[in-house]
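Report on the following structure.
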Amino acid sequence: MGAQRVAVDVGGTFTDVFVVDEDTKDFFVSKVPSTPDDPMRAVMAGVDRAGIDLSSVSLFSHGTTVATNALITRRFPPAAMVTTTGFRDVLEIRDGTRDDLWDAYQDVTPPYIRRRDRFEVPERIGYDGQVVTPLDEDEARRVARLLRRRGATTVAVCFLNSYANPAHEERMREILLEEMPEASVSTSASILPEIFEFERFNTTVANAVLAPLVSGYVDRLADELADGGYEGDLLLLHSGGGSMTPRMVSQYPVRLAASGIAAGAIACRAIATQCGFENAIGLDMGGTSTDICVVHGGELRVTKEWQVEYGHPITFPSIEVLTIGAGGGSLAWIDPAGSLRNGPQSAGADPGPACYATGGTEATNTDANLALGRLGTTLAGGAKALEPERAERALTEHVAEPLDMSLEEAAGAVLKVANANMSDAVRLVSIRRGLDPRDFALVAFGGAGALHGAEVAKELSIPTVIVPPNPGVTSALGCLLVDIRHDLSTMFSHHADEVDHDELEEAFTALEAEATERLLHEGVTAENAVLQRSINMRYAGQWRSLAVEVGSGAEALEEAVARFHEQHEREFAFRRDDAPVELYQIGLSAVGRTPKPAFPPHERTGTADPEPASRRRAWFEETGWVEVPVHDRDALPVGTTFAGPAIVDQFDSTTVVPPGTRAEIDEWLNIRIHLDASSAPGHDSKEA
46 MGAQRVAVDV GGTFTDVFVV DEDTKDFFVS KVPSTPDDPM RAVMAGVDRA
96 GIDLSSVSLF SHGTTVATNA LITRRFPPAA MVTTTGFRDV LEIRDGTRDD
146 LWDAYQDVTP PYIRRRDRFE VPERIGYDGQ VVTPLDEDEA RRVARLLRRR
196 GATTVAVCFL NSYANPAHEE RMREILLEEM PEASVSTSAS ILPEIFEFER
246 FNTTVANAVL APLVSGYVDR LADELADGGY EGDLLLLHSG GGSMTPRMVS
296 QYPVRLAASG IAAGAIACRA IATQCGFENA IGLDMGGTST DICVVHGGEL
346 RVTKEWQVEY GHPITFPSIE VLTIGAGGGS LAWIDPAGSL RNGPQSAGAD
396 PGPACYATGG TEATNTDANL ALGRLGTTLA GGAKALEPER AERALTEHVA
446 EPLDMSLEEA AGAVLKVANA NMSDAVRLVS IRRGLDPRDF ALVAFGGAGA
496 LHGAEVAKEL SIPTVIVPPN PGVTSALGCL LVDIRHDLST MFSHHADEVD
546 HDELEEAFTA LEAEATERLL HEGVTAENAV LQRSINMRYA GQWRSLAVEV
596 GSGAEALEEA VARFHEQHER EFAFRRDDAP VELYQIGLSA VGRTPKPAFP
646 PHERTGTADP EPASRRRAWF EETGWVEVPV HDRDALPVGT TFAGPAIVDQ
696 FDSTTVVPPG TRAEIDEWLN IRIHLDASSA PGHDSKEA
């Protein structure tokens, strides 16, 4: 066996491992239960279970939920914030919006740093970067000493207008480190040098509270891998769809929020592209949640407006993924009006679904699938045994008896509600934006995605469903498909027709110098470095802006303005070519290309309707209980086709083909489920 590339993705229920041999291009997977108290234990357990010799690993990539979970659970180290006098409550005031516009009694969760831990220092920088009030260094030192006595281990420094002149923040940082040498200090000018105090302050605060936690975890994991023989850099996937080394993670830990979610979206794009689809919708259904992404024209949508919790924005570029509480462990429950609901509450990994026999007693989606014969009695290659009797008991007690249903009707209703929730979420990211789902393929992955993908596609009239051969570890595969990436930005507010081109070029050159330095620190050679410029533009008087790629040279800006008009029309359905365009901000994407696995296609040697490995009774609303052929995915040759209903078992997941559909094994990459013509009126099935 040659050198290996290894990716590990930590999920809420399972930790997944994907390994590729560089010489043979063969791959294999492993799956172990997650350990929420210390995710590193599950990572190393997955490495051991896969039989990986770390000394033969050339690349180790990791998607982690450490940052996301810390923001959700708010288990932070002692943290503090230092800000300009009079701006202590910016985090509390926020932007005045609500998650539910009509619920006047719903409060937004409190800031990551409590009010009593936020301190003010006299200073003031003007909007133009001029010093209005000098920094009061005596008061700054008094605050630093107070924080030392209070035991603060991490501090966020957020001064007004520091994006225009960071001098006061830098001096405050020096004073803090003089008094607290072991502290971690994040300044807003270095984290996010942009206008809008609330977004900049909150992103910096999130970075500060995560710094000790994430850095500690990453350093421990890197040391553990090195002790096992791994000699390379640990690469960690960040929300923007790139990866970072531990050195950069220590400076920007907040970028690891939504790490694993981005990995699934990247894998979705790669799978859809290899299957010949430029338009695809990713349905990543795991144990706790479902993550939905859209690939349009071969590109993933990127946003700078996202948050782990509503009201606490993190303003870094992130792959746009919609997450809803619909997973294998999502609980079925009855609301006060007597209606059946599904999620967002979840049994998670602990206590887990009732059929896990690990303490859970409430009915979940996993229990419903098991009770209807759609799942076997083991998961993850036998690592998790399932007990159908417990699933049936939970469904009977919590759903069937209260609603006066049979067991089959109750389990079917649980799954219908889950499918409806996921279908509604897909509508939000497609139809609501003017995209017709019938023009897309649905890529169903995650441990439970292939169980539900075909029925979600039927609901939305999506003609084709693509299922990877190992759906449950697809996010881990995504970790191997990313490059090292950094996103830098700085304010540059000018009207397009008044721009000093030398000043613009100087600003871009400064960003490129910083980006090149970062990539060099991470071992990226010049031939593998790619720098892409962009400008955030808007019509004069607008608030929101659009990022437009721009080249270099005298005519680059004029060409970018023309693209802005086109992009604005595509995004908002109108354009104003005669209106003045304003440059708001310049950005730079710095990419360090890393080697990626390639999977060659195989010859088609399969036949129609092969003899199944076994048969199982399964229940469908259309047919009731029927004998369903159960196929072993690894035993099916490429080109095999079979008519539904059918079940395809794999190491880490199960694919369900409901009545009225057919499926085929196509190349190394997928089981492709084609829905009948009536499910997509006016649209032909799009076979690659």
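Per our numbering: the sequence shown ends with 733, consecutive numbering throughout. All residues carry an ideal CB built from backbone N, CA and C; glycine is no exception.
In three-state terms, what does DSSP make of residue i?
i, result
"Met330", "strand"
"Asp264", "helix"
"Ser724", "Here the model assigns Ser724 a pLDDT of 45, short of 50, so the residue's position is not dependable, and the following value carries that caveat. It is helical."
"His676", "strand"
"Asp729", "Because Asp729 carries a pLDDT of 45, less than 50, the predicted location of this residue cannot be relied on, and the following value inherits that uncertainty. Here Asp729 sits in coil by DSSP."
"Pro642", "coil"
"Asn581", "strand"
"Glu223", "helix"
"Leu180", "coil"
"Asp66", "strand"
"Met289", "strand"
"Glu616", "helix"
"Asp449", "coil"
"Asp412", "helix"
"Pro257", "helix"
"Asp469", "helix"
"Leu460", "helix"
"Trp497", "A quick correction: the sequence has His, not Trp, at residue 497. Here His497 sits in helix by DSSP."
"Asp532", "strand"
"Ala489", "strand"
"Pro197", "A small fix is needed here, since residue 197 is Ala in this sequence, not Pro. Reduced to three states, the DSSP call for Ala197 is coil."
"Glu407", "coil"
Of all the options the options, which has the alpha carbon lying nearest to the alpha carbon of residue i?
i, options, result
"Asp264", "Met293, Thr58, Glu548, Ala317", "Met293"
"Ser103", "Val595, Gly404, Asp68", "Asp68"
"Ile507", "Gly492, Val518, Cys524, Val488", "Val488"
"Ser260", "Asp148, Thr668, Pro291, Ala312", "Pro291"
"Thr142", "Gly356, Leu270, Lys349", "Gly356"
"Arg159", "Asp144, Pro123, Arg186", "Pro123"
"Arg190", "Cys203, Ala209, Phe246, Phe164", "Phe164"
"Glu504", "Val671, Lys461, Val474, Tyr275", "Lys461"
"Asp677", "Asp694, Ala416, Asp162", "Asp694"
"Glu551", "His540, Leu565, Thr535, Arg563", "Thr535"
"Cys400", "Leu440, Gly426, Ser468", "Leu440"
Pull up the DSSP beta-bridge partners for residue i, would you.
i, result
"Ile718", "Val510, Ala708"
"Asn387", "Ala377"
"Val575", "Val636"
"Arg159", "Note: Arg159 sits in no beta bridge, so no partner."
"Cys203", "Thr128"
"Trp664", "Trp670"
"Ala430", "Thr423"
"Leu237", "According to DSSP, Leu237 bridges with nothing at all."
"Asp61", "Asp54, Lys76"
"Trp351", "Ile359"
"Ser284", "Paired residues: none, contrary to the question."
"Thr169", "Here residue 169 turns out to be Arg, not Thr, going by the sequence shown. Beta-bridge pairing links Arg169 to Thr178."
For the beta strand (DSSP E) that contains residue i, what are its first and last residues?
i, result
"Ser698", "Taken as a continuous stretch (DSSP letters only), Ser698 belongs to no beta strand (DSSP E), as it is neither H nor E."
"Val626", "626 to 637"
"Arg314", "Here Arg314 belongs to no beta strand (DSSP E); instead the alpha helix (DSSP H) covers 304 to 319."
"Val299", "Run containing Val299: none; DSSP gives neither H nor E here."
"Cys338", "335 to 341"
"Val111", "Here Val111 belongs to no beta strand (DSSP E); instead the alpha helix (DSSP H) covers 111 to 118."
"His107", "102 to 108"
"Leu367", "367 to 369"
How far does the alpha helix (DSSP H) with residue i in it reach, from first residue to last?
i, result
"Ala90", "84 to 94"
"His564", "Just to set this straight, residue 564 is Leu in the shown sequence, not His. Taken as a continuous stretch (DSSP letters only), the alpha helix (DSSP H) holding Leu564 covers 546 to 566."
"Ile476", "Where Ile476 is concerned, there is no enclosing alpha helix (DSSP H), given that its DSSP letter is neither H nor E."
"Arg435", "433 to 440"
Does any heavy atom of the ligand FAD sit closer than 6 angstroms to the C-beta of residue i?
i, result
"Val518", "Of the ligands one can find in the structure shown there are none, so the ligand FAD has no counterpart to examine."
Would residue i count as contacting chain C if we go by Cβ distances under 7 angstroms?
i, result
"Glu224", "Judged by its chain identifiers, the structure shown contains no chain C, having just a single protein chain."
Exercise. May I ask you to verify whether the region 349 to 367 touches the region 275 to 294, counting CB pairs closer than 8 angstroms and requiring at least 3?
Key: Contact holds: three or more Cβ-Cβ distances are below 8 angstroms.
Exercise. Decide if the region 136 to 146 is in contact with the region 97 to 114; the criterion is three or more beta carbon pairs, one per stretch, under 8 angstroms apart.
Key: Output reads no: the region 97 to 114 does not touch the region 136 to 146.
Quiz item: Is it true that the region 108 to 116 meets the region 53 to 66, where meeting means three or more beta-carbon pairs spaced less than 8 angstroms apart?
Solution: With the cut-off at 8 angstroms, the region 108 to 116 and the region 53 to 66 touch.
Exercise. Could you tell me whether the region 298 to 310 touches the region 519 to 529, using the rule of 3 or more Cβ pairs below 8 angstroms?
Key: Under the Cβ criterion (8 angstroms, minimum of three pairs), the region 298 to 310 counts as touching the region 519 to 529.
Self-check item: contact_flag[the region 494 to 508, the region 318 to 336] where n(CB pairs < 8 angstroms) is 3 or more
Solution: Cβ pair count under 8 angstroms is three or more, so yes.
Quiz item: Can at least three beta-carbon pairs, one atom from the region 337 to 344 and one from the region 466 to 482, be found at a separation below 8 angstroms?
Solution: Judged by Cβ distances under 8 angstroms, the region 337 to 344 makes contact with the region 466 to 482, as three or more pairs qualify.
Quiz item: When the Cβ atoms of the region 81 to 97 are set against those of the region 223 to 243, are three or more pairs found closer than 8 angstroms?
Solution: In short, these stretches do not touch, since the Cβ pair count stays below three.
Practice problem: Indicate whether the contact test is met: 3 or more Cβ pairs, each with one atom in the region 598 to 608 and one in the region 555 to 569, closer than 8 angstroms. | Solution: No, the region 598 to 608 is not in contact with the region 555 to 569.
Quiz item: Any contact of the region 399 to 411 with the region 646 to 660, i.e. 3+ C-beta pairs under 8 angstroms?
Solution: Touching, no.
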